Amino acid sequence: MDLSRIQNLLLDYWKDWHANHGGLPARRDLDVRTVGKYLPHVVIFDILDDPLDFHYRLVGTEVRAHTHGDYTGMKLSEMEGKGPGSKIWEFLDTVRTSKEPLFREVPYVGPQKAFLRSTLLFLPLANDHQTPDKILLVSNFISKTA
Numbered sequence: 001m002d003l004s005r006i007q008n009l010l011l012d013y014w015k016d017w018h019a020n021h022g023g024l025p026a027r028r029d030l031d032v033r034t035v036g037k038y039l040p041h042v043v044i045f046d047i048l049d050d051p052l053d054f055h056y057r058l059v060g061t062e063v064r065a066h067t068h069g070d071y072t073g074m075k076l077s078e079m080e081g082k083g084p085g086s087k088i089w090e091f092l093d094t095v096r097t098s099k100e101p102l103f104r105e106v107p108y109v110g111p112q113k114a115f116l117r118s119t120l121l122f123l124p125l126a127n128d129h130q131t132p133d134k135i136l137l138v139s140n141f142i143s144k145t146a
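Per full-length UniProt numbering, the sequence shown starts with residue 1, numbered consecutively.
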């Protein structure tokens, strides 16, 4: 299970920021000149408290093209199969509590017949550089012929 080129680049960017500044990067710390060209492969989740939930802040065009639509503005708890107890919820909550990147491979369940699986890289972001308030998800869709 290997990271894609884009996942590697964004993980290296996150690690470099973390090493040079300490704490977690905030969304505002992401240089649009560096990160912006990869936004089609990205989802940004807001972490909501009381009760805990995850809100789709941004869904990149590449992600939208390979999933069941544009989830921007929706909460996981309001979506069938994505609320508490789901894998996506578990992954996001693990990143929220650990404050560490997480990489997972999952079966592909979207509308495209050509894909077999997806790899997902989750990177915590924190406005105060300590407590995650957003999670950057970098997706990669792997075709059956890859």
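Every residue, glycine too, gets a C-beta built ideally from N, C-alpha and C.
As the structure is a computational prediction, the values presented were derived from the model and not from experiment.
Taken atom to atom, the span from the alpha-carbon of T97 to that of F122 is near 12 Å. In the structure shown, L39 adopts helical secondary structure according to DSSP, grouped into three states.
By the 16-neighbour rule on beta-carbons within 10 angstroms, Q130 is exposed. In the same chain as V95, and ignoring 5 residues on each side of it, the C-beta atoms closer than 6 Å to its own belong to L102, F122, P124, I135, in chain order. Rounded to whole angstroms, the Cβ separation of L120 and S143 is 16 Å, and the two are not in contact under 8 Å. V63 and K87 do not touch by the CB rule: their CB atoms are close to 16 Å apart, not below 8 Å.
Here Y56 has Y71, T72, M74 as same chain residues with Cβ atoms under 6 Å from its own Cβ, once five neighbours each way along the sequence are excluded. When the beta-carbon positions are compared, I44 and L58 come within less than 8 Å of each other.
Following the DSSP letters along the chain, one finds R57 inside the beta strand (DSSP E) bounded by residues 53-59. With respect to the C-alpha of R5, the residue from A126, D50, H41 having the closest C-alpha is H41.
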